[in-house]
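Written out below as structure tokens is the structure these notes cover.
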Amino acid sequence: MDIKSLNAAYEALKIAENPYDTIFDFKEELLSSDSPEFLDFHYRILQDKALSAQLRSTIKSFFFAEAVNNRNKEVVSNFLYQKYSNGIEDISVRADVIQLLGNLKSKHAKEVALENINLPKADLRYRSIIVLGWIGSTAELKVLNERLLNDPDPQLRGYSATAMRQIWFNHPKSKENILKHIKEAIPGEKEEKALEGMIITVQDLLKKKLGLKESEYGEITGDMEAAKVKTIAVLKTC
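Given below as structure tokens:
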């Protein structure tokens with residue numbers, strides 16, 4: 094398929110009554126080549142605000158698809174990194190590229206996340222935090238701890254804790270350092286969105302029930318204040 098035919102398929106998808114009826118045919122065509130023309134076409138879809146957020150998110154995920162994908166992931170990674178290096182003014186697209194580099198386990202992912210994790214835009218910090226959780230090691234705990242203690246967004250303070258948990262999944266020897274960081278942060282934390290990330294991380298690392306439950310969809314329930322008291326108490330014994 095050439096780029097002209099791909100564009101025609103995309104335009105047909107956009108006006109389809111139910112684009113999900115043909116989305117995977119389009120996926121196969123889109124991922125049939127990692128040429129600069131095809132990759133640039135895919136990249137420009139990230140900027141197409143005429144698409145619904147759901148459809149754009151689905152097509153974005155094709156960048157790191159495992160099935161029906163004839164692209165070389167290193168070629169894709171280098172293409173996205175070049176876009177990033179050239180400068181991306183649209184914050185939402187820049188955030189998407191940060192996350193995509195993480196999804197691809199790109200050799201550039203850590204560098205890009207570290208460059209964005211302290212910036213004013215919350216979405217850039219958020220994507221950087223989760224990427225460091227995916228690809229980081231014990232060396233990145235210091236950066237995440239700074240977010241855990243000082244990020245102005247309580248949700249991101251909580252995500253910093255769960256990113257540490259993700260590092261622990263991949264690097265079990267990081268457990269002691271993570272618990273030390275949360276032990277320092279939790280006593281003065283008052284926001285529920287931050288506390289829930291800290292508490293469920295401690296629960297998982299210590300394999301203890303401290304009062305919160307996390308559903309398979311990430312929903313947290315339980316008595317936050319009681320769970321905080323239990324968590325502080327158990328951390329004193331660590």
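In the numbering used here, the protein residues as written are 94 to 331.
Cβ coordinates follow ideal geometry from the N, Cα and C atoms, glycine included.
Next item on the list: Taking the CB atoms as reference points, tell me whether N100 and L124 lie closer together than 8 Å.
Entry: no
Note to self: Taking the beta carbon of G229 as the centre, do at least 16 other beta carbons fall within 10 Å, making it buried, or is it exposed?
What the structure shows: buried
Check: At which residues does the alpha helix (DSSP H) containing E269 begin and terminate?
Finding: K268 to A278
Next item on the list: Using only alpha-carbon positions, find the residue among R220, N209, N243 and I260 that is nearest to T231.
Entry: I260
Notebook entry, point to check: Alpha carbon to alpha carbon, how far is D189 from L237?
Noted result: 20 Å
Notebook entry, point to check: Can you tell me whether DSSP reads T330 as helix, strand or coil?
Noted result: coil
Next item on the list: Kindly indicate which three-state DSSP category K306 falls into: helix, strand or coil?
Entry: strand
Next item on the list: Mind the definition here: the segment 149-169 touches the segment 121-141 only if three or more C-beta pairs lie below 8 Å; say whether that holds.
Entry: yes
Note to self: On the criterion of 16 or more Cβ atoms from any shown chain inside 10 Å, does E289 qualify as buried, or is it exposed?
What the structure shows: buried
Check: What number of angstroms, rounded off, separates the C-alpha of A142 from the C-alpha of Y103?
Finding: The sequence given here has Lys at residue 142, not Ala. The straight-line gap from Cα to Cα measures roughly 14 Å.
Checklist line | Under the three-state DSSP convention, the category G290 falls into | finding: helix
Note to self: Can you tell me where the alpha helix (DSSP H) holding I152 begins and where it ends?
What the structure shows: A146 to S154
Notebook entry, point to check: Between the segment 306-318 and the segment 282-298, are three or more C-beta pairs nearer than 8 Å?
Noted result: yes
Notebook entry, point to check: Just to confirm, are F157 and L132 a CB contact at a threshold of 8 Å?
Noted result: no
Check: What number of angstroms, rounded off, separates the C-alpha of R250 from the C-alpha of E121?
Finding: 39 Å
Check: G304 and A326 look like a contact to me (Cβ under 8 Å); what is the Cβ gap, rounded to whole Å?
Finding: Not quite, the Cβ-Cβ distance comes to about 11 Å (not below 8 Å), so this is no contact.
Note to self: Considering just the uninterrupted stretch of the beta strand (DSSP E) at T314, what are its terminal residues?
What the structure shows: I313 to G315
Item checked: Chain-order list of residues whose beta-carbon lies under 7 Å from that of D246 (same chain, five-residue window excluded) -> A215
Check: Taking all protein chains shown into account, do 16 or more other C-beta atoms lie within 10 angstroms of the C-beta of I279, making it buried, or fewer, making it exposed?
Finding: buried
Item checked: Neighbourhood of Y174 by C-beta distance below 6 Å, restricted to the same chain and skipping five residues each side -> H201
Note to self: Which same chain residues end up closer than 7 Å to L234 when comparing Cβ atoms and leaving out the 5 residues on each side of it in sequence?
What the structure shows: M257, I260, S267, N270, I271 and H274
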